Amino acid sequence: MAETTAGETKNSRLRNFDFKTMGPAIALLILCIIGFSLNSAFLSEGNITNLLTRSAFIGIIAVGATFVITAGGIDLSVGSMAAVIAGIMIIVMNNAVETLGTGVATVLLGCGCSVILGLGAGWVNGFLTTKGKIEAFIVTLGTMGIFRSLVTYFADGGTLSLDFDLRGTYRPVYYEAFFGLPIPVWVFIIVSIAGWILLNRTAFGRYCTAIGSNEAVARYSAIKVDRIKTWTYVIQGLCVALATIIYVPRLGSASSSTGVLWELEAIAAVIIGGTVLKGGYGRIGGTILGALILTTIGNILNFTDMISNYLNGTMQGLIIIVAVWLQRADWGRKSSKE
Amino acid sequence: MAETTAGETKNSRLRNFDFKTMGPAIALLILCIIGFSLNSAFLSEGNITNLLTRSAFIGIIAVGATFVITAGGIDLSVGSMAAVIAGIMIIVMNNAVETLGTGVATVLLGCGCSVILGLGAGWVNGFLTTKGKIEAFIVTLGTMGIFRSLVTYFADGGTLSLDFDLRGTYRPVYYEAFFGLPIPVWVFIIVSIAGWILLNRTAFGRYCTAIGSNEAVARYSAIKVDRIKTWTYVIQGLCVALATIIYVPRLGSASSSTGVLWELEAIAAVIIGGTVLKGGYGRIGGTILGALILTTIGNILNFTDMISNYLNGTMQGLIIIVAVWLQRADWGRKSSKE
Amino acid sequence: MLDSVQAETPVLAAERVSKSFGAIPVLFSVSFDLRAGEVHALIGENGAGKSTLMKVLSGFHPATSGTLRVDGEEVTLPPNGQAEDMGIVLIHQELNLAEQMTVEENIFLGREQSRNGFLDRAAMTEAVRKMFLDVGLDISPKARISSLSIAEKQMVEIVKAMSRNARVLIMDEPTAVLTEAETTVFFAQVEKLKAKGTAIMFVSHKLQEVQAIADRVTILRDGQWIATKPTGEFTLDAMAQMMVGRELSDLYPPMNEADVDAERVLEIEGLTTQNIRNVSFDLRKGEVLGFSGLIGSGRTEVFEAICGLKDIDSGVIRVHGEEVRFASVADARDAGICYLTKDRKEKGLLLEQEMRPNMTLLALPRFVKGFMIDRDAEQEALARGIRRFDIRARDPKVKAGDLSGGNQQKLLLAKIMEADPKIVIIDEPTRGIDVGTKQQIYHFIAALAAEGMSVVVISSEMPEIIGVCHRVFVMRDGQIMGALTGDAINETEIVRYAAGLKGEKHHG
Amino acid sequence: DDKITIGVSYPTPTHAWAAGMNWHAEQAEKRLEALYPDVDLVLVNSPDPGAQASAIEDLVSVNQIDALVVLPFESEPLTDPVLNVKKTGALITVVDRGLSQPGIEDIYVAGNNPELGRVSAQYMKTRLKEGDNIVVLRGIPTLIDNERFDAFMAEIEGSGINVLDHKHANWNRDDGFEVMQDFLSRFPDIDAVWAQDDDIAIGVVAALKQAGRDGDGMFVVGGAGMKETIKSIMDGDELIPVDVLYPPSMIATAMDVTVNAFKSNGPVAGRYILGATLITPENAADFYFPDSPF
Ligand SMILES: Nc1ncnc2c1ncn2[C@@H]1O[C@H](COP(=O)(O)OP(=O)(O)OP(=O)(O)O)[C@@H](O)[C@H]1O
Ligand SMILES: Nc1ncnc2c1ncn2[C@@H]1O[C@H](COP(=O)(O)OP(=O)(O)OP(=O)(O)O)[C@@H](O)[C@H]1O
Ligand SMILES: [Mg+2]
Ligand SMILES: [Mg+2]
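Protein chains in written order, with my numbering: chain A, 309 to 646; chain B, 309 to 646; chain C, 73 to 580; chain D, 851 to 1144.
Written out as structure tokens, the structure is:
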């Protein structure tokens, strides 16, 4: 899947590279121009805020996915993981209302619970992949099914709703702004920065890249491959937990339809951002742009009734393909020979 | 994801290898024993026939997916492709009833139409991947959305149904048996044999393996990499078309929920069968067993009400993971160092 | 014979060919010609542009300027090995086989034999078996490439190239990973091809080989053509001197006597793994210890086991007298033991990354300041490594995979030394390294030992073992056959042990 | 043996209404099996039409059912599989979505989808005047959604009320929230929202509150009869003043009728169509089941 990087000359790669880095940004810009030309309300403060806040979920999850994919893995379970974490979090908080009341303590308990579950679920994925020697695709396809069915089970097929009074306490985490930006956006920004530093400026990030490039080389270079790979899944789990913490106060509920297809969206955001699906090259900045691009596409489609509702998926698909094509194609030079 | 095959010594690989080949067969056997112990009707002729017939859809699609994956690609669009082909096929046949009547001619027209659409859709996926230089994941995620929304559009959000009289003509293709086996099973068998020969006994199969194994090596061996890769998607499209041809008479309709998640099932069948997700090693025989395993899991879960319906997904996930773990784990030798 | 050849037009010729990668020139107006029935050797320092010239001559790289002629006619060669159809075959310097596929599949890749549209596997397997018989190679055609040793892989490459019945056979360092015995077999094949009129172009850093097999020699230096002459007109020294551009003193450094009473830094007793049995030896401070033996004799496995890369069935490892068992390379590194792999492409370097991350990967914890990687320190390390090992990259941001083969090897050495090991195990230290640099590396090894470091050299090059080691162990079939010291270290003795003519299981 | 085996097949619950249905089915199973020891009810649910067809095949080949109660995922694809069951001589009860071929089912129990749309539109007309604006949030693109939507639009037609736009919110709270957010950014003047479904309505209300546009007599009409919604109607909520019933208990009704077909002497075959009642503060108490999950 990384065919574009193979067998090219250095020069073209350098030139491409700039385009690759700028590509997602340009694609996002074009989308914004389209959105604005459809309806000037697209650039209204309210809509921009909505857009950013919505991107936060997928974006935070995608930051975690960047690590997993860079290290050569894949995690299909994130959407279901978010759903089950949200579900358990709600159950725990509802039960804690009796003892802890409807104050901040209960919410903190819920958040703590979410983080622990995220770390645990990530660890399970990592453990099965590395020590169980099972392909990441299979492991996470399996846990995807497991998590999804667990939340259905807990919710009895329906919806788990947060205690009404508790919702009042927790609500601000989604709805309040802080220095003009909603809290989810702040979380997104912090996670992005932390992710960027971790991937680009620490030994851990270097190790992820090395493992994704060539596992044997990594092993011979004193990298504890299994441990690092497990960590990438744990980080992914943590990101899912954080995303869930800001998701739950939004509607105060979780059901078996929570987070459906988030895994594909997250992976798509990562790949649109320029990270290579086979591992060895990751870009957090690109991932963030990728998440924004995906959210913007959905937003734009809600802003126009020119297109039949039924064709939303067609537009989405076309835009994703074109957005990636814009950055992958060799502009300004003859295409390299097959 | 292929970490188990990397960096092992010759000896251990050979030992593993046999287990890998036998693994899926053993997993299937164990499942059958479980099924039989739950309910002896599991091994009744009727049930076995149902099972085989059901496996045919996913199995045929998975044979195509084996080529795509072996050559280092991935196709997420197959489920949606099946839906849209089924939809268009039904529209074409319904319209042809006026001119061609409700006889075999119309059905053949529909089948021809299906094959052409399958080849065309596969070619589009292949073309965008190779000439467009866009990651297969993105291309097929995009076409997945496009195909899915097209069928919704054609069906106007509802269901496209085959002309009632025509259904009578077409019905036997799914329901009739031929030498004791239902026709879909025969198609499955033929596709499997053809796929096996193509992968293991022709130059084309070798080229797929070589490309998945190392694209640069393949290119340096004067293999027309782009062309072969495109062909794998075309084969995948053809397989989807064949699966659709035997699917339509079963339910006589297509809607936006046709074929949902078939892509994951097909890929899972391929991986369970021992094909390496990163390419370079493909096994048609394993794929077929993988498809049977997946269908059997669903069948067994319909056989017992010991487990809450909501937990079906949990059982499915667990069984898939355990089935693969059984074949991947290093039996009878100490695990090689991380 | 030479005279008759000279009259013909060359089968393949390059005239004033230049090549740049982007803005970086690599070849400057080089001319080269190759005639039927001759072996034309190309020699030059690492990074001189030999591989690049060969790729230009076989169509893998388009030339930036200049003309190529086939049989005197100007041509543009097709890309990606399609020049094979014109009878021009290249063996790449870097192994170019599909790892998961079998030997037979690789040899016939791209030109499978079919009958009625189906592969004629029996015929192909049989053909491979026959080719292997010809070259005395004992590999099953059904073996997967990933299960072969590097030398075996190289032999497969050679057989693959020869099987193509080429008019022009271009071989980039085919002998770098071969032992002398295999080289002899290989040269016999070359002679046969030559007699059939094949034109052969060949790169080697082993100048004796060049002298033995080549009819003419062309020397490149820094991408410039220096000279083309019949081999007879060169002495070994002259070749080396013209390559390097300076006088070369002794290849091997003077050996200072080992201190027999020095501390034993590493003691191995009864080490047994899957492929090795009951290996015992010790290593003293300041000693250079050689490990010799035939390919696949298990030398690599001994040290991979010690460093935690292979499972150990039984045995005792003592470092500085303390019993240890390293669970991972990181543990070994922290205890001051580093192993430099011979497989730089699969296990040594991240080919898609630049030099800097490669350089510091093994010793990365040393470059962490606070929480983050200290990029300035990394840059210094890179500068240090480039200086110390004379790594020549015209562009410091080049990907490791685009470095010349010898420079990759040097980068790998630099990477290992960054970890500052007390005991360093170097597997095939000079694989693909030019004579000038070889000399530097030997002196470097001697200097390390003199500073009190202990060095293990695993090598299939006998002169190297003899030239730099204080003591030599010879392995065969997973066991140590004998130990040699002082004057006993000579080719005859080593060969006798390696071939199993002498020695029994040696303990300690 | 003379045990009466009845298979009950319906889609896997993925939203609250279906969960309510599942709950009612399970309650009915317990109740009926306790009441009649010789009756065995086998409940299976399936995630898609193909799987449901498979599950029905399995009910025949494995459980050898005497009767089938089926809530088809979709009408068309399940017509043939159910017809096959019919051929084994089993009694067929179809719930909610009719099969595409008449005469297969012996008993038909259903809600009324067009009626739901129509009743909703009629209520809109009582509250709004000419020139007022509404937006519509639809369900998952399916026949049900089309029936409801088409009937709604037909009823609104000519009233002078503007339907600004309609988007699919997939009977899902999250989608309801996001689509409504975008409607609010896009249209400065919205007087009412038809959300069609109580889950969507919850998302819509959250979006309205976030944007601070929940005042000025703006209101939302959902549908189905979720207990929380009914409760708030009882409490006189201004934002969701009414609801339109689409009872998830219809499956239990169908099971009752089917068992009765074996147990009672009188004929029970026929069609049982449940109305789409408008729930208002006046009658809300009649539809409030606090123990149901829905
Ligand atoms: N694809 C490439 N992109 C950029 N630079 C390259 C590329 N290939 C080779 N080079 C550079 O060209 C120069 C010559 O390399 P080449 O491989 O021809 O040397 P060589 O003579 O074969 O050396 P060695 O003996 O070490 O194999 C080196 O500086 C190398 O880094
Ligand atoms: N008898 C054998 N059966 C299976 N694998 C073997 C056998 N002997 C060696 N090997 C494997 O082949 C590889 C080559 O062996 P090893 O590298 O230890 O030998 P070496 O003496 O270093 O030879 P080389 O000159 O090829 O480096 C190792 O990975 C080893 O595990
Ligand atoms: Mg070279
Ligand atoms: Mg029961």
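Built from N, CA and C at the ideal position, the CB exists for glycine as well.
On a predicted model such as this, the values are computed, not experimentally measured, just so you know.
List the residues of chain C whose Cβ lies closer than 7 angstroms to the Cβ of Arg509 of chain B, in chain order.
For the purposes of this step, residue 509 of chain B is taken as residue 201 along the second sequence, with counting starting at 1. Correct list: Phe190 and Leu191.
Please report whether the beta-carbon of Ile454 of chain B lies at a distance below 8 angstroms from any beta-carbon of chain A.
Numbered from its first residue, the second sequence carries residue 454 of chain B at position 146. Yes, contact with chain A.
Between Lys532 of chain A and chain C, is there a C-beta pair that is closer than 8 angstroms?
Taking the first residue of the first sequence as 1, we reach residue 532 of chain A at position 224. Yes, its Cβ sits closer than 8 angstroms to a Cβ of chain C.
Over what stretch of residues does the alpha helix (DSSP H) that includes Pro302 of chain C continue unbroken?
Numbered from 1 along the third sequence, position 230 holds the residue referred to as residue 302 of chain C. Careful: Pro302 of chain C lies outside any alpha helix (DSSP H), inside the beta strand (DSSP E) at Gln296 to Pro302.
Hey, out of A:Ile398, A:Ala485 and A:Thr448, whose CA is closest to Phe462 of chain A's CA?
The residue given as residue 462 of chain A occupies position 154 in the first sequence. For the residues A:Ile398, A:Ala485 and A:Thr448, the minimum Cα distance to Phe462 of chain A belongs to A:Ile398.
Go to His515 of chain C, then tell me how far its beta strand (DSSP E) extends in each direction, as first and last residue.
For the purposes of this step, residue 515 of chain C is taken as residue 443 along the third sequence, with counting starting at 1. From DSSP, His515 of chain C is part of no beta strand (DSSP E) but of the alpha helix (DSSP H) over Val507 to Ala522.
Is Cys541 of chain C helix, strand or coil when you go by DSSP?
One-based indexing of the third sequence puts residue 541 of chain C at position 469. Here Cys541 of chain C sits in coil by DSSP.
Is the beta carbon of Val493 of chain A sitting closer than 8 angstroms to the one on Thr361 of chain A?
On the first sequence, residue 493 of chain A is found 185 positions in, with the first residue counted as 1. On the first sequence, residue 361 of chain A is found 53 positions in, with the first residue counted as 1. Result yes, Cβ atoms of Val493 of chain A and Thr361 of chain A sit closer than 8 angstroms.
Contact between the stretch 346-356 of chain A and the stretch 604-616 of chain A: three or more CB pairs below 8 angstroms?
yes
Does the Cβ of Gln280 of chain C have 16 or more other Cβ atoms within 10 Å, making it buried, or fewer, making it exposed?
In the third sequence, residue 280 of chain C corresponds to position 208, counting from 1. By the neighbour-count rule (16 or more Cβ atoms within 10 Å), Gln280 of chain C is not buried but exposed.
Are there any heavy atoms of ligand 1 lying less than 7 angstroms away from the beta-carbon of Leu475 of chain C, as far as the coordinates show?
Position 403 of the third sequence holds residue 475 of chain C. Yes, Cβ of Leu475 of chain C sits closer than 7 angstroms to a heavy atom of ligand 1.
Exposed or buried, what is Ala1134 of chain D when buried is set at 16 or more other beta-carbons lying within 10 Å of its beta-carbon?
Numbered from its first residue, the fourth sequence carries residue 1134 of chain D at position 284. It counts as buried.
Best match in C:Val240, C:Lys225 and C:Ser400 for proximity to Thr247 of chain C [C-alpha to C-alpha]:
The count along the third sequence starts at 1 and reaches residue 247 of chain C at position 175. Thr247 of chain C has its Cα closest to that of C:Lys225, out of C:Val240, C:Lys225 and C:Ser400.
For a quick check, are the C-beta atoms of Phe574 of chain B and Val423 of chain B less than 8 angstroms apart?
Residue numbering aside, residue 574 of chain B sits at position 266 when the second sequence is read from its first letter. Residue numbering aside, residue 423 of chain B sits at position 115 when the second sequence is read from its first letter. Here the sequence assigns Ala to residue 574 of chain B, which means Phe is not the residue at that position. Cβ atoms of Ala574 of chain B and Val423 of chain B: not closer than 8 angstroms.
What residues in its chain sit with their C-beta under 8 angstroms from that of Pro151 of chain C, if we drop five residues either side in the sequence?
Translated into positions along the third sequence, residue 151 of chain C becomes position 79. Correct list, in chain order: Gly131, Phe132 and Pro134.
Which residues, taken in chain order from the stretch 888-910 of chain D, show a beta carbon closer than 9 angstroms to some beta carbon of chain B?
Val892, Leu893, Val894, Asn895, Ser896, Pro897, Asp898, Pro899, Gly900, Ala901, Ala903, Ser904, Ala905, Glu907, Asp908, Leu909 and Val910
Got a sec, what are the start and stop residues for the beta strand (DSSP E) Arg390 of chain C sits in?
Counting from one through the third sequence, the residue named residue 390 of chain C turns up at place 318. It spans Ser386 to Val391 - the beta strand (DSSP E) in which Arg390 of chain C sits, taken as one unbroken run.
How about Asp294 of chain C: is its Cβ closer than 7 angstroms to a heavy atom in ligand 3?
The residue given as residue 294 of chain C occupies position 222 in the third sequence. No.
Which complete beta strand (DSSP E) runs does the stretch 437-484 of chain A hold, if anything under 3 residues is left out?
467-469
Mind checking Thr256 of chain C: buried by the 16 CB within 10 Å criterion, or exposed?
By one-based count along the third sequence, residue 256 of chain C stands at place 184. Under this definition Thr256 of chain C is an exposed residue.
Would Trp539 of chain A pass as an interface residue toward chain B - the criterion being a Cβ-Cβ separation below 8 angstroms?
Residue 539 of chain A sits at position 231 when you count from the first residue of the first sequence. So no, Trp539 of chain A is outside the interface.
Out of B:Ile553, B:Leu427 and B:Ser388, point me to the one whose CA is closest to Leu572 of chain B's CA.
One-based indexing of the second sequence puts residue 572 of chain B at position 264. Minimum Cα distance to Leu572 of chain B is reached at B:Ser388.
With a threshold of 7 angstroms, establish whether the CB of Gln226 of chain C neighbours any heavy atom of ligand 3.
Against the third sequence, residue 226 of chain C aligns to sequence position 154. No.
What are the residues of the stretch 480-493 of chain A that lie near chain D, defined by any Cβ-Cβ distance shorter than 8 angstroms?
Tyr483
Inter-stretch contact at 8 angstroms, needing at least 3 Cβ pairs: the stretch 553-561 of chain A / the stretch 478-487 of chain A:
yes
Counting contacts by CB-CB distance shorter than 8 angstroms, is Val912 of chain D in contact with chain B?
One-based indexing of the fourth sequence puts residue 912 of chain D at position 62. At least one chain B Cβ lies under 8 angstroms of Val912 of chain D.
Closest residue to Leu546 of chain A among A:Val495, A:Phe445 and A:Gly409 (Cα-Cα distance)
Along the first sequence, one-based indexing puts residue 546 of chain A at 238. Measuring from the Cα of Leu546 of chain A, the nearest candidate turns out to be A:Val495.
With DSSP run on the structure shown, which of helix, strand or coil describes Tyr958 of chain D?
Here residue 958 of chain D is taken as the residue at index 108 of the fourth sequence, counted from 1. Of the three classes helix, strand and coil, the one that applies to Tyr958 of chain D here is strand, per DSSP.
Looking at chain B, which residues of the stretch 976-994 of chain D have a Cβ within less than 7 angstroms of any of its Cβ atoms?
Pro991, Thr992 and Leu993
Any heavy atom of ligand 1 inside 7 angstroms of the beta-carbon of Ser123 of chain C?
Position 51 of the third sequence, counted from the first residue, corresponds to residue 123 of chain C. For ligand 1, at least one heavy atom lies less than 7 angstroms from the Cβ of Ser123 of chain C.
Does ligand 1 have even one heavy atom less than 7 angstroms from the beta-carbon of Gly138 of chain C?
Translated into the one-based positions of the third sequence, residue 138 of chain C becomes position 66. Because no heavy atom of ligand 1 lies under 7 angstroms away, the Cβ of Gly138 of chain C does not count as near it: no.
Per-residue contacts from Ile505 of chain A into chain C (C-beta, under 9 angstroms)
For the purposes of this step, residue 505 of chain A is taken as residue 197 along the first sequence, with counting starting at 1. Within chain C, the residues near Ile505 of chain A are Phe443 and Met444.
Give the straight-line distance between the Cα atoms of Ala1119 of chain D and Phe1112 of chain D, rounded to the nearest whole angstrom.
Position 269 of the fourth sequence holds residue 1119 of chain D. Position 262 of the fourth sequence holds residue 1112 of chain D. When rounded, the distance between both Cα atoms is 11 angstroms.
Looking at Ala120 of chain C and ligand 1, is the gap between the Cβ and the nearest heavy atom below 7 angstroms?
In the third sequence, counting from the first residue as 1, residue 120 of chain C sits at position 48. Under cutoff, so the answer is yes.
Enumerate, from N- to C-terminal direction, the unbroken beta strand (DSSP E) stretches of 3 or more residues contained entirely within the stretch 1050-1081 of chain D.
1069-1071
Proximity below 8 angstroms, CB of Lys947 of chain D to CB of Pro931 of chain D:
Here the question's residue 947 of chain D lines up with position 97 in the fourth sequence. Here the question's residue 931 of chain D lines up with position 81 in the fourth sequence. At residue 947 of chain D the sequence reads Arg, which differs from the Lys that was named. In this structure, Pro931 of chain D does not lie closer than 8 angstroms to Arg947 of chain D by Cβ.
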